[in-house]
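Protein chains in written order, with numbering that gives the first Met the number 0: chain S, 0 to 201; chain U, 0 to 201.
Using N, Cα and C, we set each Cβ at its ideal position, and we do this for glycine too.
Below is one structure, written out as structure tokens; the observations come after it.
There are 2 protein chains.
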Amino acid sequence: MQAKEPRAQFHRAPADERRLALIDACAATLARKGVHGTSVREICATAGVSPGLLRHYFSGIDELVADTYAAIGAQVQAALNDAVEAADPTPEARLIAYLTASFAPPIADADLLSTWLAFWSLTRTDAKIARLHDEIYAENRITLERLLDAHAPGSDHRLTAIALTALVDGLWLELSLGNAPFSPDEATVLAARWLAALLPRI
Amino acid sequence: MQAKEPRAQFHRAPADERRLALIDACAATLARKGVHGTSVREICATAGVSPGLLRHYFSGIDELVADTYAAIGAQVQAALNDAVEAADPTPEARLIAYLTASFAPPIADADLLSTWLAFWSLTRTDAKIARLHDEIYAENRITLERLLDAHAPGSDHRLTAIALTALVDGLWLELSLGNAPFSPDEATVLAARWLAALLPRI
DNA sequence: TTCCCTGTTATACGGTTGTATAACAAGAGA
DNA sequence: TCTCTTGTTATACAACCGTATAACAGGGAA
Numbered sequence: 000m001q002a003k004e005p006r007a008q009f010h011r012a013p014a015d016e017r018r019l020a021l022i023d024a025c026a027a028t029l030a031r032k033g034v035h036g037t038s039v040r041e042i043c044a045t046a047g048v049s050p051g052l053l054r055h056y057f058s059g060i061d062e063l064v065a066d067t068y069a070a071i072g073a074q075v076q077a078a079l080n081d082a083v084e085a086a087d088p089t090p091e092a093r094l095i096a097y098l099t100a101s102f103a104p105p106i107a108d109a110d111l112l113s114t115w116l117a118f119w120s121l122t123r124t125d126a127k128i129a130r131l132h133d134e135i136y137a138e139n140r141i142t143l144e145r146l147l148d149a150h151a152p153g154s155d156h157r158l159t160a161i162a163l164t165a166l167v168d169g170l171w172l173e174l175s176l177g178n179a180p181f182s183p184d185e186a187t188v189l190a191a192r193w194l195a196a197l198l199p200r201i
Numbered sequence: 000m001q002a003k004e005p006r007a008q009f010h011r012a013p014a015d016e017r018r019l020a021l022i023d024a025c026a027a028t029l030a031r032k033g034v035h036g037t038s039v040r041e042i043c044a045t046a047g048v049s050p051g052l053l054r055h056y057f058s059g060i061d062e063l064v065a066d067t068y069a070a071i072g073a074q075v076q077a078a079l080n081d082a083v084e085a086a087d088p089t090p091e092a093r094l095i096a097y098l099t100a101s102f103a104p105p106i107a108d109a110d111l112l113s114t115w116l117a118f119w120s121l122t123r124t125d126a127k128i129a130r131l132h133d134e135i136y137a138e139n140r141i142t143l144e145r146l147l148d149a150h151a152p153g154s155d156h157r158l159t160a161i162a163l164t165a166l167v168d169g170l171w172l173e174l175s176l177g178n179a180p181f182s183p184d185e186a187t188v189l190a191a192r193w194l195a196a197l198l199p200r201i
């Protein structure tokens with residue numbers, strides 16, 4: 000005979016804290032199980048919470064994913080900015096630091112890539128995700144253009160920033176996918192070399 | 000009252016043809032619906048075939064996806080090679096053609112990107128997909144190194160090929176995601192400029 | 001201590017998933 | 001024309017999906 004299970008104990012958390020826990024759990028699940036394996040139940044299990052609670056804080060799983068994108072995007076941008084601030088205060092060192100931060104943790108990370116791939120793959124079908132993508136990449140590009148301008152003032156760095164972003168993204172992708180035919184150090188060398196080729200000393 | 004539906008007419012196809020049709024349908028579904036919306040039923044509906052048939056040709060949906068990756072990868076490599084052969088027969092023109100073919104159809108294509116993202120996202124969890132990825136990228140890199148060597152013989156082009164691949168991948172990604180802040184023509188200009196910076200006249 | 005609001009859980013629902021299986025019929029070979 | 005192989009369909013199944021709802025209980029307010 001089946002004894003009736005007592006209702007599980009639980010803790011009432013402040014709204015902000017619970018929302019953040021769900022966002023973290025969403026990112027972790029996307030990283031570990033991929034888009035395919037990410038469900039309401041899986042996310043809530045990771046967060047240690049009953050499945051129904053998700054809809055108490057979010058209109059649905061789509062909104063949670065979008066909010067997770069925004070949060071992860073901000074984390075990445077913050078990590079990049081931290082790297083810049085930790086570098087020597089010369090324009091060139093700051094620029095190199097910004098470019099090469101993508102080749103070391105926490106940015107070069109298989110989990111982060113898995114999460115990011117999930118966001119990319121939603122860009123086609125979810126307009127909100129597409130808008131977030133545009134915002135995040137625009138901010139990234141503007142930051143890079145500013146650093147380029149500090150290093151070589153006056154000229155137009157739009158295309159240079161676009162190309163450097165593409166290079167870094169491509170190297171980051173291969174590194175994070177695993178089994179890359181080059182090391183993080185080599186990626187750093189490449190970024191520095193290409194920067195020097197494009198921006199000879201003024 | 001429900002009249003009993005007559006069994007649908009069907010056509011017996013050669014094995015190769017049916018397998019190919021299912022692979023095409025799988026790619027189309029991944030492109031149109033994303034990983035999330037790609038199911039056995041969806042693929043078979045796209046192929047105009049009953050759901051059970053998939054398992055007559057593949058051990059399951061995972062094997063079909065892997066075979067689709069191999070097929071699409073071969074198509075991409077073929078398109079790149081076609082671009083090279085259509086170019087002027089000078090080493091430089093062939094090299095540029097290889098690099099910039101990624102910025103025009105059929106390679107710069109939102110559908111292809113969606114499919115590719117699905118493959119990438121499976122790399123973590125599916126060892127077969129990971130192995131395919133390594134093979135496809137290794138072949139791509141070797142081809143590029145050969146073209147580089149024809150243009151500037153003698154030196155070691157490993158890192159150059161890696162960097163050019165990363166640059167092209169990054170530009171291709173942004174172009175295919177849509178709303179890129181640059182045009183395909185600008186991407187072509189960038190690839191040519193960076194190539195010139197790395198490989199000054201011999 | 002008691003009350004009461006509401007964050008949280010448990011459960012239910014219809015729909016979809018991947019796979020298994022048996023019945024059917026297309027179409028080649030005799 | 002007939003037979004037989006087998007490619008194909010139809011159906012069934014348990015497990016899972018996202019969401020809706022009502023009952024419960026944590027814990028601050030009084």
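Just the chain U side, please: which residues come within less than 9 Å of residue i by C-beta, in chain order?
i: S:Ala-60; result: It is Ile, not Ala, that sits at residue 60 of chain S in the sequence shown. Neighbours of S:Ile-60 on chain U: none; closest Cβ ~10 Å, over 9 Å.
i: S:Glu-91; result: None at all; the shortest Cβ gap to chain U is about 17 Å.
i: S:Leu-197; result: Arg-192, Trp-193 and Ala-196
i: S:Arg-140; result: Pro-180
Less than 8 Å between the C-beta atoms of residue i and residue j, yes or no?
i: S:Ile-22; j: S:Val-39; result: no
i: S:Leu-131; j: S:Ala-26; result: no
i: U:His-55; j: U:Leu-94; result: no
i: S:Thr-164; j: S:Arg-140; result: yes
i: S:Leu-63; j: U:Ser-120; result: no
i: S:Ala-82; j: S:Ala-96; result: yes
i: U:Phe-102; j: U:Trp-171; result: yes
i: S:Glu-144; j: S:Ala-160; result: yes
i: S:Ala-78; j: S:Pro-105; result: yes
i: S:Glu-16; j: S:Gln-76; result: no
i: U:Ala-92; j: U:Ala-85; result: no
How would you list, in chain order, the residues of chain S whose beta-carbon sits under 8 Å from the beta-carbon of residue i?
i: U:Val-34; result: Gly-33, Val-34, His-35 and Ser-120
i: U:Arg-11; result: Correct list: empty, because the minimum Cβ distance to chain S is about 33 Å.
So residue i contacts chain U; which residues on that side make the cut at Cβ distance below 8 Å?
i: S:Ser-113; result: Ser-120 and Arg-123
State the CB to CB distance for the pair residue i and residue j, rounded to an integer number of angstroms; the pair is presumed to be in contact (CB under 8 Å).
i: S:Ala-107; j: S:Leu-174; result: 5 Å
i: U:Gly-177; j: U:Ile-135; result: Rounded, the Cβ-Cβ distance is 24 Å, inconsistent with contact.
i: U:Ala-202; j: U:Ala-46; result: The structure shown has nothing for residue 202 of chain U, since chain U only spans 0 to 201.
i: S:Ala-24; j: S:Ile-42; result: 5 Å
i: S:Ala-227; j: S:Leu-158; result: The question about residue 227 of chain S has no answer here: the residues shown for chain S are numbered 0 through 201.
i: U:Asp-168; j: S:Gly-169; result: 4 Å
i: S:Thr-99; j: S:Thr-187; result: 4 Å
i: U:Ser-154; j: U:Gly-33; result: That belief does not hold up - the Cβ atoms of U:Ser-154 and U:Gly-33 are roughly 43 Å apart, past 8 Å.
i: U:Ala-196; j: S:Ala-126; result: Not really, about 38 Å apart at Cβ, beyond 8 Å.
List, in chain order, every chain U residue whose beta-carbon is nearer than 7 Å to that of residue i.
i: S:Asp-133; result: Asn-178
i: S:Asp-168; result: Gly-169 and Leu-172
Show which residues of chain S have a CB atom less than 9 Å away from the CB atom of residue i.
i: U:Leu-158; result: Phe-181, Glu-185, Val-188, Leu-189 and Arg-192
What does residue i reach in chain S if we use C-beta pairs closer than 7 Å?
i: U:Leu-116; result: Leu-116, Trp-119 and Ser-120
i: U:Ala-109; result: Arg-123
i: U:Ala-162; result: Leu-166, Leu-189 and Trp-193
Any heavy atom of the ligand SAH closer than 7 Å to the beta-carbon of residue i?
i: S:Ala-82; result: Among the components modelled here there is no ligand, and therefore nothing to report on the ligand SAH.
| request: May I have a chain-ordered list of the alpha helix (DSSP H) segments no shorter than 4 residues that lie completely inside the segment 149 to 181 of chain S? | output: 157 to 176
| Complete runs of the alpha helix (DSSP H) confined to the segment 37 to 90 of chain S [at least 4 residues] | 39 to 46, 53 to 56 and 60 to 85
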